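See structure below.
Residue numbers (the numbering used here): 54 to 485.
Here is the structure:
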């Protein structure tokens, strides 16, 4: 049974020494953010010369640690996924505002890891706390670059070339990505190895606002299947968690982009515009048609936007006066997202149902969407994971979220993008 609920929308403000205290103020409830734009400081007319705005969201994260952000934004979504509820956590904002830092974090300090690696850690800790259930975890990593879909894990040696191009497909069971590889992860270290592989392959480019700017939208998905060890194994629950790192929005005239970067920015802005159109339509109860098919991003996220899913948005903004126009645009997006409702429900499955659904697939369909939500692993690759580049030695003790894990740096490899991160575990920090 499903229950309608609103999307949760938070705003995270990037720390800066030039914070515009006279223009940006927070409410005492820690949920309201007020913007005052001085007329004499404006470079153009904004919204018929309106100078004051007030936005009420689910929380304002100012000078917040990565740990606080995760506890506030993601912990409940991940926890409910182990009970059979789908979840989506999305980071949105202008270029350089801190989306990728929020979602992935950095590798220089263990405490700076982001939502994604923390979610993986939480999933496996919760599995250890549920010995009465056999729980299987799989992951996939999708990139949308210039309206083309790429499998960020296709470079693994055991995957091999795909017989079909990666594409968004719909069937009676919902939306899935045909041709996208899904990888079994039997332990936490496997997921970090896969995450590292995907991060190495991401498209990263230099930008005036950020020297390591993400030039694509990326969706890391965790699939969970849980079966009771004591009850009948015919019935089980499934869920998936979409962790979405959107490319940064930007004003082309202000950024000074040209050549390849300009082309990328045009595609990014176009897809984000279509995403906002879909959000506006979803928030309007009188609208019957939602334009999901306008771009690959909205089509791939159809099930997450207004569907069977616990949805959380983190809007990243700058707190500087020079960025107020972009900040206003981002806050408007967040307030529109709060109008969207979803209908999360426990995903209960039966083996007979899955087998019947698979039998309806056309040959070469890439697996059973009714089972995993995306193309499944073939029998020859199921369970094969390349050795983790992190070389984890000690698992963090339960109840100690910031106890780091030992790791060794990864050797050089083939990269399609411009950035090769080191390890989320980094060198082991031994307490005094």
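Don't be surprised by glycine CBs; every beta carbon is placed ideally from N, CA and C. Computed from a prediction, not measured in an experiment: that's the story for all the values here.
Between the stretch 348-364 and the stretch 185-203 there are three or more C-beta pairs closer than 8 Å, enough to call the two in contact. When beta bridges are read from the DSSP output, residue 383 appears opposite no residue. Cβ contact annotation for residue 185 (same chain, cutoff 8 Å, sequence separation greater than five): 281, 282, 283, in chain order.
With fewer than 16 neighbouring CB atoms inside 10 Å of its own CB, residue 71 falls in the exposed class.
The beta carbon of residue 324 sits closer than 6 Å to those of 348, 350, all from its chain and outside the five residues before and after it, given in chain order.
Burial of residue 320 is indicated by the presence of at least 16 other C-beta atoms within 10 angstroms of its C-beta.
Residue 160 sits buried, since 16 or more C-beta atoms from the chains shown fall within 10 Å of its C-beta. Measuring C-alpha to C-alpha distances from residue 377 to each of 79, 89, 68 identifies 89 as the nearest.
Nearest in C-alpha terms to residue 354, of all of 141, 84, 131, is 141.
With respect to the 8 Å criterion, residue 158 and residue 206 are not classified as neighbours on the basis of their beta carbons. For the options 188, 195, 369, 341, the alpha carbon positioned closest to that of residue 241 is the one of 188. When the five nearest sequence neighbours on each side are left out, the beta carbons in the same chain lying within less than 7 Å of the beta carbon of residue 117 are those of 65, in order along the chain. For residue 150 against residue 370, the beta-carbon gap comes to about 6 Å, under 8 Å, which counts as contact. Straight-line measurement puts the Cα of residue 243 at about 14 Å from the Cα of residue 171. Annotation for residue 134: 140, 277, 292, 294 place their beta carbon closer than 7 Å to its own, counting only its chain and skipping 5 residues before and after. Beta-carbon to beta-carbon, residue 63 and residue 153 are separated by about 16 Å, too far to satisfy the 8 Å threshold.
Cβ-Cβ distances below 8 Å link residue 121 to 114 in the same chain, with the five nearest sequence neighbours on each side left out; the list follows chain order. Along the stretch 183-252, the beta strand (DSSP E) occurs as fully enclosed runs of 3 or more residues at 186-198, 201-204, 220-224, 227-231, listed in sequence order. In this structure, residue 156 sits near residue 167, with a CB-CB distance shorter than 8 Å. Here residue 278 carries a strand assignment [DSSP, helix/strand/coil]. By the neighbour-count criterion, in which a residue is buried when 16 or more other Cβ atoms sit within 10 angstroms of its Cβ, residue 363 is buried.
Boundaries of the beta strand (DSSP E) around residue 401: 400-403. The alpha helix (DSSP H) runs of length 4 or more contained entirely in the stretch 293-366 are, from start to end of the chain, 305-308, 312-336, 349-353.
Counting only the Cα atoms, residue 226 lies some 28 Å from residue 389. DSSP places residue 81 outside both helix and strand once states are collapsed to three, so it counts as coil. Remark: C-beta atoms of residue 334 and residue 366 do not approach each other more closely than 8 Å.
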